[in-house]
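Residue numbers (the working numbering): 4 to 99.
We put the CB at the ideal spot given by N, CA and C, even for glycine.
For clarity, every value in this text was computed on a predicted model and none was experimentally measured.
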């Protein structure tokens with residue numbers, strides 16, 4: 004068995020994955036910033052911070068837009084995790 008760490012094809016794929024992961028991280032941080040602004044506006048207006056029907060709509064919308072290979076079940080799981088993480092971070096930033 005050869006050493007995969009010296010394989011240029013493996014390295015190329017890993018670099019692509021890292022670039023994609025960085026783009027995902029940037030997008031999630033942008034999402035958190037936007038949700039934080041939305042929550043501040045909602046607080047000023049006296050609106051509820053969380054809208055479960057909007058979260059459900061978003062998940063269903065993303066599932067309809069999904070072209071795979073990620074399954075729609077995984078889209079729902081992933082977005083629930085992203086929504087939950089976003090809400091935790093917004094709460095943490097509000098307390099800071």
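If you count every other CB in all the chains shown that lies within 10 Å of the CB of residue i, and 16 or more means buried, which is it?
i: residue 21; result: exposed
i: residue 93; result: buried
i: residue 12; result: exposed
i: residue 89; result: buried
For residue i, which residues in the same chain have their Cβ closer than 8 angstroms to its Cβ, ignoring the five residues on either side in sequence?
i: residue 10; result: none
The alpha helix (DSSP H) with residue i in it runs from where to where?
i: residue 75; result: 75-98
i: residue 32; result: 11-48
i: residue 55; result: 55-68
Using a Cβ-Cβ cutoff of less than 7 angstroms, which residues in the same chain neighbour residue i once the five nearest sequence positions on both sides are dropped?
i: residue 65; result: 78 and 82
query: Would you call the region 34-45 and the region 74-84 touching, i.e. three or more CB-CB distances under 8 angstroms?
result: no
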